[in-house]
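Residue numbers (the numbering used here), protein chains in the order written: chain A, 7 to 192; chain B, 7 to 192.
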DNA sequence: GTCTATAGATCGATAGAC
DNA sequence: GTCTATCGATCTATAGAC
């Protein structure tokens, strides 16, 4: 028997997709009620602080996903090469090969960032640090590992923006291929 | 004698900074009247189609700046090495070493892109193509020149997002240094 | 828990005096 | 050209019935 649709956790993915499409400021409660099928009463029951709390919940959900699937393995995995490769694979899937944009990236620009600055900062900071640790284990020096990690995380973000601007997912997959090559000692 | 402040062209830079800060959907007309010191009557005199026209005007202004200062030299300059170096220098200045975010990048995400898709597409597309031409002239092969150009344009965007998310302009300047190195044949 | 109804503020846009 | 006043629509959020 399928779980009841009306749980807080079931609403979050819908909110995430909406915020990705419209941005935070551009998403209205009436559109949220439409897409979730929930009245405002229900929404405020789940998120007493309204839109702000929905934004936080969505960022939190994304952070948890990345922490569990990507960051933790990078930090604590046994085979750094395999973990880095998996990072690229899982990231590509998560972003639907460039067709889906990064929610945190959307929140990172304009003044939405100020309302969620700690969440946004933590997402990119944690990613960069976890990748740095994995790269160090593949015998890169400390400085080089940090540079490559920054290059990769920034490169993924930029590729998402560029791919979306040109409506061309191949831009993203090409970027992933380049970035992946840079995580290998030559 | 300083030119009268109330000209359409004088309003555009103010609009640009506002859209950068708040995003398109997040910028209200009341805030625009506040920052420009112009009443709504005057604004609608300059921009009969309202906010939409302001958005187009601002994108147009940015596109013109880049075309004149960066794209045209890349395409038609005499010394491709110097032109590419100048691109990095001018870009760094334009983005205030990473403290200022990219207006077109802000417009490229969420559904704002749909309203300005041709402008957004043209900006990144023209940039990539112009840089590809310059790189070809420095004896890179066609395929490699295209890859590097894509890498650089995406890398700049990503570095802007990352630098802003961490409130750390050094992330941007480090990225520029790396990207610049990649435009040189080794 | 979920709904409808609605408050109160603010939105983009317009009208018309000067 | 620039202003103030104001429109109708839409916004976030709340109230209260069920």
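We treat Cβ as the ideally placed atom computed from N, Cα and C, and that holds for glycine.
Using beta-carbon distances, residue 107 (chain B) counts as an interface residue toward chain A, with a partner under 8 Å. Not a single C-beta of chain B is nearer than 8 Å to the C-beta of residue 66 (chain A).
Against chain A, the CB of residue 27 (chain B) has a partner CB under 8 Å away; the residue lies at that interface.
The three-state secondary structure of residue 55 (chain A), taken from DSSP, is coil. Judged by DSSP secondary structure, residue 185 (chain A) falls within the alpha helix (DSSP H) whose first and last residues are 175-188. The beta carbon of residue 142 (chain B) sits closer than 6 Å to the beta carbons of 151 from its chain, once the five residues preceding and following it are set aside; these are given in chain order.
Contact between residue 178 (chain B) and residue 187 (chain B) fails: their C-beta atoms lie close to 15 Å from each other, not under 8 Å.
Taking residue 54 (chain B) as the centre and dropping the five residues before and after it, the same chain places no C-beta closer than 8 Å to its C-beta.
Between residue 122 (chain B) and residue 62 (chain B), the C-beta spacing is below 8 Å.
Segment contact: the segment 130-147 of chain B against the segment 132-139 of chain A, fewer than three CB-CB distances shorter than 8 Å; contact not assigned. A Cβ-Cβ separation of about 15 Å leaves residue 171 (chain B) out of contact with residue 158 (chain A) under the 8 Å criterion. For residue 31 (chain A), there is no enclosing alpha helix (DSSP H), as DSSP marks it with neither H nor E. Taking 9 Å as the cut-off between beta carbons, the residues of the segment 29-54 of chain B near chain A are 29, 30, 31, 32, 33, in sequence order. The Cβ atoms of residue 166 (chain B) and residue 107 (chain B) sit closer than 8 Å to each other. A Cβ of chain A is located within less than 8 Å of the beta carbon of residue 184 (chain B). With a threshold of 8 Å between beta carbons, residue 17 (chain B) makes no contact with chain A. The closest CA to that of residue 47 (chain B), considering only B:74, B:12, B:28, is found on B:12. Within the segment 125-150 of chain B, those residues whose Cβ lies closer than 7 Å to any Cβ of chain A are, in chain order, 126, 127, 130, 131. Relative to residue 101 (chain B), the option among B:22, B:191, B:192 whose CA is nearest is B:22. Judged by their CB atoms, residue 91 (chain A) and residue 83 (chain A) are not nearer to each other than the 8 Å cut-off.
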